Amino acid sequence: MGSFKGHVLPGTLFLLVGVWHIWSSLVRYSSNPKSFRVRIWNPVPGFDGRLKYLELYLVAGGAFIDMCIELLYSTHLKFFVNGVLNPHHMNDFEHGGMLLMFFIFGVVSLLSEKTRFLPLPEEVLCLVAAAAFSAEYLLFYFHSTTHKGLEGHYHLLLVLLIGLCVLSIVMGALLPTSFPVDLSTGIAMTLQGLWFYQTAFTLYGPMMPDGCQLKANQVMCRSSESQIRGELLASFQLFSMVFGVLVAVAAAYGFAASRYGHSDLNSLQDGLD
Numbered sequence: 033m034g035s036f037k038g039h040v041l042p043g044t045l046f047l048l049v050g051v052w053h054i055w056s057s058l059v060r061y062s063s064n065p066k067s068f069r070v071r072i073w074n075p076v077p078g079f080d081g082r083l084k085y086l087e088l089y090l091v092a093g094g095a096f097i098d099m100c101i102e103l104l105y106s107t108h109l110k111f112f113v114n115g116v117l118n119p120h121h122m123n124d125f126e127h128g129g130m131l132l133m134f135f136i137f138g139v140v141s142l143l144s145e146k147t148r149f150l151p152l153p154e155e156v157l158c159l160v161a162a163a164a165f166s167a168e169y170l171l172f173y174f175h176s177t178t179h180k181g182l183e184g185h186y187h188l189l190l191v192l193l194i195g196l197c198v199l200s201i202v203m204g205a206l207l208p209t210s211f212p213v214d215l216s217t218g219i220a221m222t223l224q225g226l227w228f229y230q231t232a233f234t235l236y237g238p239m240m241p242d243g244c245q246l247k248a249n250q251v252m253c254r255s256s257e258s259q260i261r262g263e264l265l266a267s268f269q270l271f272s273m274v275f276g277v278l279v280a281v282a283a284a285y286g287f288a289a290s291r292y293g294h295s296d297l298n299s300l301q302d303g304l305d
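Mapped onto my numbering, the consecutive letters of the sequence shown carry residue numbers 33 to 305.
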């Protein structure tokens with residue numbers, strides 16, 4: 033079982049990075065569609081280049097802080113009991129391992145971009161990011177914490193969204209000029225961030241379905257009908273998020289095309305007509 037803050041913190045990180053990825057992808061394609069290339073991270077323009085690597089600092093710093101919380105604060109430094117890993121904090125160790133992978137991705141990307149010690153092409157950075165999301169996928173799929181009932185349904189939907197992140201990022205490495213693939217990566221990360229928020233507000237906040245409640249650190253439903261109703265509500269919530277994000281992306285693309293649109297974009301549209 034998790035907590036409200038434990039879902040909101042990673043949700044905020046995924047949401048910020050996902051929305052920024054979507055906007056950057058739209059702007060880069062609208063500005064010059066013929067030279068478009070997939071990017072696993074996007075520099076922040078302006079400010080004389082001082083914020084260029086802000087996204088990577090956010091990923092590496094956010095993952096490191098969250099990892100310290102999981103491994104140092106949550107465990108109270110009680111890593112071993114009777115010579116083995118503390119069984120009461122396996123959940124924290126698993127989260128820490130997942131966060132370590134995202135921290136490694138941020139550090140590797142910074143070294144690749146800012147130094148000559150580790151020059152890596154964008155496709156390789158995509159695979160490093162895919163490895164981090166794969167670790168997250170395996171964590172939630174083979175979690176030591178048994179997710180059952182309504183809680184299990186919310187985490188199952190989360191696993192599906194993480195799988196979409198892995199798939200889209202790997203496709204980005206294989207199809208480095210594909211705008212739909214790059215855009216889908218941002219959409220998948222945004223949906224994952226939103227779903228972390230939805231899980232927090234539903235299972236640990238004020239949006240708990242009727243007939244279910246958080247009791248003894250578990251989500252309990254009075255009857256199977258209440259649980260099924262809650263699962264159907266979760267599926268509808270995810271559909272609403274997908275629909276809302278797609279509408280927002282379409283509106284953002286229209287704005288980006290009108291403001292940054294290149295002549296090549298119009299010629300491509302005329303060719304389709």
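C-beta atoms are modelled at their ideal positions from N, C-alpha and C, and glycine is treated no differently.
Only a predicted model underlies this, so the values are computations on that prediction, with no experimental measurement involved.
Ignore the nearest five residues each way along the sequence and tell me which others in Gly-286's own chain have a CB closer than 6 Å to its CB.
-> No residues qualify anywhere along the chain.
Cα-Cα separation, Gly-38 to Leu-206 = So the alpha carbons of these two residues sit roughly 34 Å apart.
Quick one, which of His-185, Phe-228 and Ser-141 has its alpha-carbon nearest Ser-35's?
-> For the residues His-185, Phe-228 and Ser-141, the minimum Cα distance to Ser-35 belongs to Phe-228.
Applying the criterion that 16 or more other CB atoms from any shown protein chain within 10 Å of the CB defines a buried residue, is Val-40 buried or exposed?
-> Per the 10 Å Cβ criterion, buried.
Have a look at Pro-25 and Val-191 and give me their C-alpha separation to the nearest angstrom.
-> Since the first residue shown for the chain is 33 and the last is 305, residue 25 is missing from the structure and cannot be characterised.
What whole-angstrom Cβ distance do Val-91 and Gly-138 have, given they're in contact under 8 Å?
-> Indeed they touch by this definition, with Cβ atoms about 4 Å apart.
Taking Cβ positions, are Gly-195 and Val-70 nearer each other than 8 Å?
-> It is not a contact, given that the beta carbons lie outside the stated cut-off.
Three or more C-beta pairs below 8 Å linking the stretch 77–95 and the stretch 240–255 | With the cut-off at 8 Å, the stretch 77–95 and the stretch 240–255 do not touch.
Which term fits Met-99, buried or exposed, when burial requires 16 or more other beta carbons within 10 angstroms of its beta carbon?
-> With 16 or more Cβ atoms within 10 Å of its Cβ, Met-99 is classed as buried.
Give the DSSP-derived three-state secondary structure of Lys-37 in the structure shown.
-> DSSP places Lys-37 in helix when its eight states are reduced to three.
Nearest to Ser-62 by alpha carbon, out of Leu-45, Leu-86 and Leu-215?
-> When each option's Cα is compared against that of Ser-62, the closest is Leu-215.
If you pair each beta-carbon of the stretch 158–166 with each one of the stretch 133–150, do three or more pairs fall below 8 Å?
-> They touch, by the three-pair rule.
From Tyr-320 to Gly-184, what distance separates their C-alpha atoms?
-> Residue 320 lies beyond the stretch modelled for the chain, which goes from 33 to 305, so this question has no answer here.
Residues bridged to Val-251 (per DSSP) = Bridge partners of Val-251: Leu-246.
Residues in its own chain within less than 6 Å of Glu-263 by CB, not counting five upstream and five downstream?
-> The residues His-185, in chain order, have a CB closer than 6 Å to that of Glu-263 in the same chain once the five nearest residues on each side in sequence are set aside.
Spatial neighbours of Gly-218 in its chain, beta-carbon cut-off 7 Å, leaving aside the 5 residues before and after = These residues qualify, in order along the chain: Gly-50, His-53, Ile-54 and Ser-57.
Under the three-state DSSP convention, the category Val-281 falls into = Per DSSP, reduced to three states, the secondary structure at Val-281 is helical.
Among the residues of its own chain, which have a CB less than 6 Å from the CB of Gly-43, if the five just before and after it don't count?
-> Within the same chain, Gly-43 has close Cβ partners Gly-225, Phe-228 and Tyr-229.
Which of the three DSSP states, helix, strand or coil, is assigned to Phe-68?
-> Per DSSP, reduced to three states, the secondary structure at Phe-68 is coil, with no helix or strand assignment.
If we count the other Cβ atoms within 10 Å of its Cβ and call it buried at 16 or more, is Leu-189 buried or exposed?
-> With 16 or more neighbouring CB atoms inside 10 Å of its own CB, Leu-189 falls in the buried class.
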